[in-house]
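So the sequence lines, in the order shown, correspond to chains A and B.
Under this note's numbering, the first residue of the first sequence carries the number 70, and numbering increases by one thereafter.
Under this note's numbering, the first residue of the second sequence carries the number 53, and numbering increases by one thereafter.
What follows is one structure encoded as structure tokens, with my remarks underneath.
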Amino acid sequence: MSNKPDHQRIVITGVGLTAPNANGLADFRNALLHGVSGVKSLEMRYFGIAPAGLCDFDATKYQKRRDIRNGTRAGSIAIYATGEALADAQIDITQEDTSRVGVFLGITEHGNVETENEIYEISKYNYDTAIWSHHHNPRTVANNPAGEVTVRFGITGPHYTVGAACAAGNLGLVTGAQQLLLDEVDLALAGGVSESPRTFGIFAAFKSQGALAYSDDPAKASRPFDLARNGIVVSEGGAVYVLERLDHALARNAKIYGELVGWCYNSDATDTVLPNSERQAECVRKALKMAGMTPQDISIVNTHATGTKLGDIKECAALREVFGDSCPYTYFNNTKSFIGHCMGAAAALELAGNLPAFEDGLVHPTINVENLDPECALRNLVCNEAVSTSVHAILNNSFGMLGINCVTITTKYQG
Amino acid sequence: MTRPEIQAAMIEILSDINPDVDWNAFGPEDSLRGTLESMDFLDVVMELRKRYHIEVPEADYGKLATMKGCVDYLEPTLGAK
């Protein structure tokens, strides 16, 4: 039980999501416990075919068709996830003081999709820039996904996106918590979104880097820790959480999914692409310190591993350095093996995939591990079948390009 | 194009820009600007440029206020196509 006052404790009271293999927390959890991949084959203009994770949700549930057309895919994902999170938290936003509600969403990148679409469009008109849409600017400003949420739901408090490469989903969550601790807002709608597979550029760049996954069977293309892993599966998705200070949540008798008790974000300061195990381990340790926890207190470590040769090994080295062999009740898993790498949404979705473990006592597996790479053979790495255990704390890793790391720790709410 | 064909072309453009509205239900004198938002109207101008190579100067925007106004305005150009 925490010794902090209730107004300094941050709890999760609502979850909304769309992932390549499910919409909504219950269906997502069910897919992860039953080995359901969301990775399929995608054909893109210019590039050709690649495995990718695309979401299948009803955007018209929260948006008019006009607004879907004028906005962005990331905006639609964010609006859908936010609408579902608010509904899950049983919050009628029209009854809230919306000046005290904030939207904080992590993004890996934004604007590539919209820019490429416009260039493709003017290419059909001999590159006449008079054809360039006036929608380009509101679509590509960096705050777009969060801003679309505020426009849709009439939220007049702060909004911004957090650009943090593939650590963005965690950092969006952390930012929401920080805004609550600063008393800038009473409700934080926080998480991460991605629309990355809607244009070819990110695929082509990963391919040029030798880091794009390929497989005859798309469902087996994302295979972190497996000896045959060959790169990243690019995916889209979004997860938005309703965060509140504990006293606020208790006052309205909210269901509490968990408590965000620790985090850290730091920088490798070594390379634009290659990860740094030392800084990753330091990030994990500092998150543990903030939470007042030891490695032995962690039940699940959700790894960031993306399925690249070097990245997976580097993360495992960092985790061995922190957890060693002295944590018999700490289990390690990976959600990307199901849904690919959802970029700015990755960490936010991966926490959601594990959050129900506080109730069902299961650690979802890492799928597609047919031949475990000895260098990735962490003790208690959960492969291919779920494991039953008592789950009290989830540590969620996320690391991104330019050496940005963000780790969060969420615990079961215990009063 | 005949006047009904020009009107059909306008309805097609309007339906692409705002699919939530039944544009076929608009009478000739009904105001389009009451339903179209300002950004939507810029899309109408853009679609006329893209589909029919018609440039609508800003000074003429008011002439596109109703369905009949659109047909009247476009007929000298599209009527020959």
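Backbone N, C-alpha and C fix where the C-beta goes; we use that ideal spot for every residue, glycine too.
Determine, using beta-carbon pairs with one atom in the stretch 115-130 of chain B and one in the stretch 158-178 of chain A, whether at least three such pairs fall under 8 Å.
-> no
Kindly list, in the order they appear in chain A, the residues whose Cβ is closer than 8 Å to that of P71(B).
-> Residue 71(B) sits at position 19 when you count from the first residue of the second sequence. Chain A residues near P71(B): R134, R135 and R138.
Since M113(A) is in the beta strand (DSSP E), which residue starts that stretch and which ends it?
-> Stepping through the first sequence from its first residue, residue 113(A) is reached at position 44. Where M113(A) is concerned, the enclosing beta strand (DSSP E) stretches over V108 to M113.
Presumed contact (8 Å Cβ cut-off) between G93(A) and E185(A), rounded CB distance | For the purposes of this step, residue 93(A) is taken as the residue at position 24 of the first sequence. For the purposes of this step, residue 185(A) is taken as the residue at position 116 of the first sequence. The Cβ separation is near 30 Å, so there is no contact.
Does any CB atom of chain A fall closer than 8 Å to the CB of R55(B)?
-> Taking the second sequence and counting its residues from 1, the one referred to as residue 55(B) is at position 3. Closer than 8 Å: no.
Is M264(A) helix, strand or coil by DSSP?
-> Reading the first sequence from its first residue, position 195 is the one you call residue 264(A). First, the residue type needs correcting, since residue 264(A) is Glu and not Met in the sequence shown. E264(A): coil per DSSP, three-state reduction.
What does DSSP give as the partner residues of V170(A) in its beta bridges?
-> Position 101 of the first sequence, counted from the start, is the residue given in the question as residue 170(A). Residue pairing by DSSP puts V170(A) in a beta bridge opposite L256(A).
Below 8 Å, can you find three or more Cβ-Cβ pairs linking the stretch 99-114 of chain A to the stretch 338-352 of chain A?
-> no
Neighbourhood of M470(A) by C-beta distance below 8 Å, restricted to the same chain and skipping five residues each side = As a first step, residue 470(A) is located in the first sequence; it is residue number 401 there, counting from the start. A234, C235, T341 and V342.
According to the neighbour-count rule (16 or more other Cβ atoms, all chains shown, within 10 Å of its Cβ), is V210(A) buried or exposed?
-> The residue given as residue 210(A) occupies position 141 in the first sequence. Burial call: exposed.
Beta carbon of S346(A) nearer than 8 Å to that of Q365(A) = For this step, residue 346(A) is matched to residue 277 along the first sequence. For this step, residue 365(A) is matched to residue 296 along the first sequence. The answer is no: Cβ separation not under 8 Å.
With a cut-off of 8 Å, do at least 3 Cβ pairs link the stretch 442-462 of chain A to the stretch 305-314 of chain A?
-> no
So, does the CB of K102(B) fall closer than 8 Å to a CB anywhere in chain A?
-> Residue 102(B) sits at position 50 when you count from the first residue of the second sequence. So yes, K102(B) belongs to the interface.
Rounded separation between D166(A) and F222(A) - CA only | Taking the first sequence and counting its residues from 1, one reaches residue 166(A) at position 97. Taking the first sequence and counting its residues from 1, one reaches residue 222(A) at position 153. Taking the straight line from one Cα to the other gives about 12 Å.
Could you name the residues of chain B that A489(A) contacts, counting a contact when the two beta carbons are closer than 8 Å?
-> Residue 489(A) lies beyond the stretch modelled for chain A, which goes from 70 to 484, so this question has no answer here.
Taking the beta strand (DSSP E) that V27(A) falls in, what are its first and last residues?
-> Any property of residue 27(A) remains undetermined from this structure, which presents chain A solely from 70 to 484.
Check whether the stretch 244-252 of chain A touches the stretch 265-283 of chain A, counting contact only when three or more Cβ pairs, one atom from each stretch, lie closer than 8 Å.
-> no
Starting from M91(B), find everything on chain A with Cβ-Cβ shorter than 9 Å and list it in chain order.
-> Along the second sequence, read from residue 1 onward, the residue named residue 91(B) stands at position 39. Within 9 Å Cβ-Cβ: N139, H203, H204 and P207.
Under 9 Å between beta-carbons, which chain B residues line up against Y326(A)? List them in chain order, please.
-> On the first sequence, residue 326(A) is found 257 positions in, with the first residue counted as 1. The premise fails here: Y326(A) is roughly 35 Å from chain B at the closest Cβ pair, so nothing lies under 9 Å.
From L256(A), S110(A), A156(A) and P89(A), residue whose alpha carbon lies closest to that of K130(A) | Mapped onto the first sequence, residue 130(A) falls at position 61. Per the Cα distances, A156(A).
For the stretch 407-416 of chain A and the stretch 297-308 of chain A, state whether three or more C-beta atom pairs, one from each stretch, are separated by less than 8 Å.
-> yes
Please list the partners that M98(B) has in chain A, where partner means a Cβ-to-Cβ separation under 8 Å.
-> Walking along the second sequence from the start, residue 98(B) turns up at place 46. What M98(B) touches in chain A: I200, S202 and H203.
For L94(B), decide whether its Cβ has a neighbour in chain A, counting only Cβ atoms nearer than 8 Å.
-> Taking the second sequence and counting its residues from 1, one reaches residue 94(B) at position 42. Interface residue, yes.
Counting pairs of Cβ atoms below 8 Å between the stretch 350-357 of chain A and the stretch 381-401 of chain A, do you hit three or more?
-> Three or more pairs of CB atoms, one per stretch, sit closer than 8 Å, so the stretch 350-357 of chain A contacts the stretch 381-401 of chain A.
Taking all protein chains shown into account, decide if K324(A) is buried (16 or more other Cβ within 10 angstroms of its Cβ) or exposed.
-> Counted from its first residue, the first sequence places residue 324(A) at position 255. Exposed: under 16 other Cβ atoms inside 10 Å.
Any residues in the stretch 181-197 of chain A with a beta carbon nearer than 8 Å to a beta carbon of chain D? Which ones, in chain order?
-> Protein chains in the displayed structure are A and B, and chain D is not among them.
Please look up how many angstroms separate the CB atoms of F97(A) and A421(A), rounded, as I've assumed it's under 8 Å.
-> Sequence index remark: in the first sequence, residue 97(A) carries index 28 (1-based). Sequence index remark: in the first sequence, residue 421(A) carries index 352 (1-based). With 8 Å as the limit, F97(A) and A421(A) qualify as a contact, their Cβ atoms being about 6 Å apart.
Name, in chain order, the residues that DSSP records as bridge partners for L281(A).
-> Along the first sequence, read from residue 1 onward, the residue named residue 281(A) stands at position 212. I301(A), per the DSSP bridge assignment.
Would you tell me roughly how many angstroms separate the C-alpha atoms of G361(A) and I79(A), rounded to the nearest one?
-> Numbered from 1 along the first sequence, position 292 holds the residue referred to as residue 361(A). Numbered from 1 along the first sequence, position 10 holds the residue referred to as residue 79(A). Spanning the alpha carbons of G361(A) and I79(A) requires a straight line of approximately 15 Å.
So, are the CB atoms of V84(A) and Y326(A) less than 8 Å apart?
-> Here residue 84(A) refers to the residue found at position 15 when the first sequence is read from its first residue. Here residue 326(A) refers to the residue found at position 257 when the first sequence is read from its first residue. Cβ atoms of V84(A) and Y326(A): closer than 8 Å.
Who are the Cβ neighbours of R101(B) in its own chain at under 7 Å, not counting the five residues just before and after it?
-> Here the question's residue 101(B) lines up with position 49 in the second sequence. E107.
Pick helix, strand or coil for A415(A), following the three-state DSSP scheme.
-> By 1-based counting over the first sequence, the position of residue 415(A) is 346. Residue state, collapsed to three classes: helix.
For A414(A), which option in Y115(A), A100(A) and L123(A) has the closest C-alpha, if you only look at C-alpha atoms?
-> Mapped onto the first sequence, residue 414(A) falls at position 345. That would be L123(A), whose Cα lies nearest to the Cα of A414(A).
Give the DSSP-derived three-state secondary structure of I367(A) in the structure shown.
-> Within the first sequence, the letter at position 298 stands for residue 367(A). Note: I367(A) maps to coil in three-state DSSP.
Measure the CB-CB distance between F272(A) and C445(A) and report whether it falls below 8 Å.
-> The residue labelled residue 272(A) in the question sits at position 203 within the first sequence. The residue labelled residue 445(A) in the question sits at position 376 within the first sequence. Contact flag unset, no.
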